[in-house]
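Shown next, in structure tokens, is the structure this report addresses.
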Amino acid sequence: MNSLAYISGYALTLGFFIFGFLICFWGYKLFKLSVTVAGVILGFMTGRFILELLLQYAGYVSPKAVSIMIPLLFALVLGVLAFSFYRKAFIFVVAAVVARALYLSIAQTSFSQKTGTFEDLIVMVICGIVGIAAGIGCFLIQKGAIIVMSGFGGASLIKAAVLPYLTGLSFVTEAATFITEKLFAAHMTPSYATGGLIILIFTIAGIIVQAKQKT
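With the first letter of the sequence shown counted as 1, position 29 gets the number 28 in numbering that gives the first Met the number 0; the numbers rise by one all the way through.
And the structure:
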């Protein structure tokens with residue numbers, strides 16, 4: 000049973016890395032696939048997020064089967080919708096990515112102590128509004144926005160795949176912390192610094208590669 004769990008974990012990691020690499024460097028050419036994969040991932044994260052909200056605000060502890068089925072159901076529904084209406088779905092994918100990135104950035108500050116409160120809900124709503132505005136703006140300048148967002152989205156998937164392995168290497172996290180402190184003049188945790196640097200490097204590389212590709 001444990002060996003099966005390990006195999007599943009490695010398979011998921013490999014899948015994240017492969018999809019992330021494809022989206023990061025060929026996101027515009029594989030636009031429909033990119034949006035569909037993003038829809039599946041965002042659907043899964045949405046399901047998990049709803050369960051977390053129910054736990055925080057209603058004290059609902061979901062059974063193990065429900066905690067698995069709800070995220071998978073959201074992943075299926077949003078994946079199908081993204082595949083069917085991929086151009087319009089781009090707005091919601093961008094909105095979700097921007098809103099989540101903004102919220103996580105705020106959560107890294109002292110505001111993290113207020114999670115689960117009414118103020119936290121207000122911040123979620125504001126982040127959602129900013130995300131929707133960004134989604135509409137990106138839709139209006141679609142090609143450039145697709146390249147930037149696919150570069151960022153692919154880089155985020157790559158980070159999710161490799162970060163758990165890199166955090167165990169002290170020389171990597173120390174180097175990442177040193178570089179981010181010099182670049183941004185801000186102290187970050189080793190994990191956050193390493194993850195942020197991975198996203199930054201792959202996003203820039205993805206944008207440059209895609210911008211040079213002939214469509």
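Don't be surprised by glycine CBs; every beta carbon is placed ideally from N, CA and C.
On the CB-based measure, 16 or more other CB atoms within 10 Å of its CB, does residue i come out buried or exposed?
i: residue 217; result: With the chain running from 0 to 214 in the structure shown, residue 217 is simply not present.
i: residue 31; result: exposed
i: residue 219; result: Any question about residue 219 goes unanswered here, given that the chain covers just 0 to 214.
i: residue 14; result: exposed
i: residue 167; result: exposed
i: residue 17; result: exposed
i: residue 188; result: exposed
i: residue 90; result: buried
i: residue 9; result: exposed
i: residue 64; result: exposed
Cutting at 8 Å between CB atoms, please list the residues of its own chain near residue i, excluding the five before and the five after it.
i: residue 84; result: none
i: residue 77; result: 38, 39, 41, 42 and 45
i: residue 196; result: 175, 178 and 179
i: residue 190; result: 162, 166 and 172
i: residue 212; result: 25, 27 and 28
Apart from the five residues just before and just after residue i, which ones in its own chain have a Cβ nearer than 6 Å to its Cβ?
i: residue 149; result: 22, 26 and 33
i: residue 95; result: 41
i: residue 24; result: 205 and 208
i: residue 131; result: 94
Does DSSP classify residue i as helix, strand or coil?
i: residue 11; result: helix
i: residue 110; result: Model confidence at residue 110 stands at a pLDDT of 48, short of 50, so the residue's coordinates are unreliable; what they give is reported in the following sentence. It is helical.
i: residue 28; result: coil
i: residue 141; result: helix
i: residue 187; result: coil
i: residue 84; result: coil
i: residue 70; result: helix
i: residue 45; result: helix
i: residue 166; result: coil
i: residue 213; result: coil
Look at the Cβ atom of residue i, then the Cβ atom of residue j, and state whether they are nearer than 8 Å.
i: residue 202; j: residue 160; result: no
i: residue 137; j: residue 98; result: no
i: residue 182; j: residue 19; result: no
Could you pull out every residue in the same chain whose Cβ sits closer than 7 Å to the Cβ of residue i, ignoring the five residues on either side in sequence?
i: residue 194; result: 158 and 162
Taking the alpha carbon of residue i as the reference point, which residue from the options has its own alpha carbon closest?
i: residue 122; options: 176, 67 and 100; result: 100
i: residue 74; options: 47, 53 and 63; result: 47
i: residue 71; options: 198, 200, 87 and 50; result: 50
i: residue 210; options: 135, 152, 145 and 53; result: 145
i: residue 152; options: 119, 36 and 10; result: 36
i: residue 28; options: 53, 186, 54 and 147; result: 147
i: residue 141; options: 67, 88, 53 and 10; result: 88
i: residue 119; options: 52, 200 and 135; result: 52
i: residue 124; options: 135, 68 and 102; result: 102
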